Amino acid sequence: MKPVIVVHGGAGKIVEELDATYRAGVKRAVLKGYDVLSQGGSALTAVEEAVIVLEDEQIFNAGHGSVLNEKGDIEMDAIIMDGKNLDSGAVSAIRNIANPIKLARLVMEKTDHMLLTCEGATLFAKAQGIPEVPNESLVTERSRKRWMKNLKENSNPVADQIGLG
Amino acid sequence: TVGAVAIDCQGNVACATSTGGLTNKMVGRVGDTACIGSGGYADNNVGAVSTTGHGESIMKVILARLILHHMEQGKSPEEAADAGLNYMKSRVGGIGGVIIVNSSGDWTAKFSTNQMSWAAVKDDQLHIGIYH
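Listed in order, the protein sequences are those of chains A and B.
Residue numbering for the first sequence follows the numbering used here, beginning at 1 and increasing consecutively.
Residue numbering for the second sequence follows the numbering used here, beginning at 1 and increasing consecutively.
Shown next as structure tokens:
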């Protein structure tokens, strides 16, 4: 079987001046995943490694660069699934870690559960030795500006995003 | 939101999706990403899907699993993506995008939004896109 990998950096509105940055980001991610596959690595590790690259790229809404909630904080979600045995792991409303996808894989492999959320997910991350990072370190200037703009009177940011993805 | 799907040399497929969610969302709001069948699904018998878009709409139609269902019925990844995204748009008014690889190694990146950044590698050939 010849390996194949596809990645995405999110659907929505992409400003033209950032076009090259988006392209460079998805290129780095897909090549990282393909490198894993080319060396005989598993599809599971390939998708995890590709998503880690995307989480580390500040241009994308995941990990570093995540958007802010109504309180100006970051809460992230992630899922991973293995098609071999339908095993899956996920985390939701997770804070203070750089790569939620790594924690999702640990949920899949180290627990009998499929989804850990919020404080429980944080406790599990600590127990697994995932380094804790200040949430502020994940916040970009772009995300903060967007959040501030959405706080203005007559702004309805959540409804406005229905048409953006 | 970001995501990946892959098939390896053994024919195993997998998916991964990660997100910061909606900007200015309610504290505690969780969208499609963490929900199996919505933010992603992978089954060696069919293929793997990762989604992005309006989370509540994706959850209403369980988009990733819906697309795999269409593939189980004989549709190609591209046809199944169109069917799933069109259903989500017509039924609940939501738009978004998906990446898919099937168990034969056929892949697609489709979106009903104006743009979605994506990249793929097959046969050592790199493909990248943003616009329709």
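By construction, the Cβ of each residue, glycine as well, lies at the ideal position given by its N, Cα and C atoms.
The structure displayed is predicted, hence computed values, not measured ones.
Closer than 8 angstroms to chain B by CB, residue i
{"i": "A/L54", "result": "yes"}
{"i": "A/S137", "result": "no"}
{"i": "A/R142", "result": "no"}
{"i": "A/L106", "result": "no"}
{"i": "A/A90", "result": "yes"}
CB contact below 8 angstroms: residue i versus chain A
{"i": "B/Q10", "result": "yes"}
{"i": "B/A119", "result": "yes"}
{"i": "B/G31", "result": "yes"}
{"i": "B/A83", "result": "no"}
{"i": "B/A80", "result": "no"}
{"i": "B/Y87", "result": "no"}
{"i": "B/S50", "result": "yes"}
{"i": "B/I67", "result": "no"}
Span of the beta strand (DSSP E) around residue i
{"i": "B/K110", "result": "107 to 111"}
{"i": "B/M116", "result": "115 to 122"}
{"i": "A/I80", "result": "76 to 82"}
{"i": "B/H54", "result": "Careful: B/H54 lies outside any beta strand (DSSP E) and carries neither H nor E."}
{"i": "B/I7", "result": "2 to 7"}
{"i": "B/V27", "result": "Per DSSP, B/V27 belongs to no beta strand (DSSP E) and is neither H nor E."}
{"i": "A/H8", "result": "4 to 12"}
{"i": "B/I128", "result": "125 to 131"}
{"i": "B/A34", "result": "Looking at the DSSP string, B/A34 is not in any beta strand (DSSP E), and its letter there is neither H nor E."}
Interface residues of chain A facing residue i [CB-CB closer than 8 angstroms]
{"i": "B/Q115", "result": "A11, G12, K13, I14"}
Cβ of residue i within 8 angstroms of any chain C Cβ
{"i": "A/K27", "result": "Structure shown: chain C not included; protein chains present are A and B."}
Proximal residues of chain A, C-beta to C-beta of residue i below 9 angstroms
{"i": "B/V27", "result": "N69, E70, K71, D73, E75, A93"}
Interface partners of residue i on chain B, CB under 9 angstroms
{"i": "A/E48", "result": "A4, A14, A16"}
{"i": "A/A98", "result": "None at all; the shortest Cβ gap to chain B is about 11 angstroms."}
Beta-carbon proximity of residue i to residue j, cut-off 8 angstroms
{"i": "B/G97", "j": "A/H113", "result": "no"}
{"i": "A/M76", "j": "A/A62", "result": "yes"}
{"i": "B/A4", "j": "A/V6", "result": "yes"}
{"i": "A/V36", "j": "A/E55", "result": "no"}
{"i": "B/T1", "j": "B/T23", "result": "no"}
{"i": "A/L68", "j": "A/V139", "result": "yes"}
{"i": "B/A148", "j": "A/V47", "result": "Since the first residue shown for chain B is 1 and the last is 132, residue 148 of chain B is missing from the structure and cannot be characterised."}
{"i": "B/V92", "j": "B/V61", "result": "yes"}
{"i": "A/I80", "j": "A/T122", "result": "no"}
{"i": "B/S38", "j": "B/G94", "result": "no"}
{"i": "A/G83", "j": "B/D43", "result": "yes"}
{"i": "B/E78", "j": "B/K122", "result": "no"}
{"i": "A/S92", "j": "A/T117", "result": "yes"}
{"i": "A/I101", "j": "A/V133", "result": "no"}
Range of the contiguous alpha helix (DSSP H) that encloses residue i
{"i": "A/I94", "result": "From DSSP, A/I94 is part of no alpha helix (DSSP H) but of the beta strand (DSSP E) over 87 to 94."}
{"i": "A/G120", "result": "118 to 127"}
{"i": "A/M114", "result": "Premise fails: A/M114 is in no alpha helix (DSSP H) and is neither H nor E."}
{"i": "A/N150", "result": "141 to 150"}
{"i": "B/N86", "result": "77 to 92"}
{"i": "A/G33", "result": "19 to 38"}
{"i": "B/I99", "result": "Looking at the DSSP string, B/I99 is not in any alpha helix (DSSP H); the run it does join, the beta strand (DSSP E), is 96 to 102."}
{"i": "A/A50", "result": "43 to 56"}
{"i": "B/A14", "result": "Looking at the DSSP string, B/A14 is not in any alpha helix (DSSP H); the run it does join, the beta strand (DSSP E), is 13 to 19."}
{"i": "B/A64", "result": "63 to 72"}
Neighbour list for residue i in chain A, Cβ cutoff strictly below 7 angstroms
{"i": "B/V61", "result": "Correct list: empty, because the minimum Cβ distance to chain A is about 14 angstroms."}
{"i": "B/G39", "result": "I79"}
{"i": "B/G74", "result": "Within 7 angstroms Cβ-Cβ: nothing; B/G74 doesn't reach chain A, min ~19 angstroms."}
{"i": "B/I7", "result": "M1, P3, V4, A43"}
8 angstroms Cβ cut-off: residues of chain B touching residue i
{"i": "A/A62", "result": "T1, V2, S18, T19, G20"}
Contact list for residue i against chain B, beta-carbon separation under 7 angstroms
{"i": "A/N150", "result": "T23, N24"}
{"i": "A/L86", "result": "D43"}
Original post:
Listed from N- to C-terminal order along the chain, which residues in the stretch 109 to 133 of chain A have their beta-carbon within a distance smaller than 9 angstroms of any beta-carbon of chain B?
Top reply: M114, L115, T117, C118
Original post:
What residues in the stretch 33 to 44 of chain A bring their beta carbon closer than 9 angstroms to a beta carbon of chain B?
Top reply: G33, Y34, V36, L37, S38, G40, G41, S42, A43, L44
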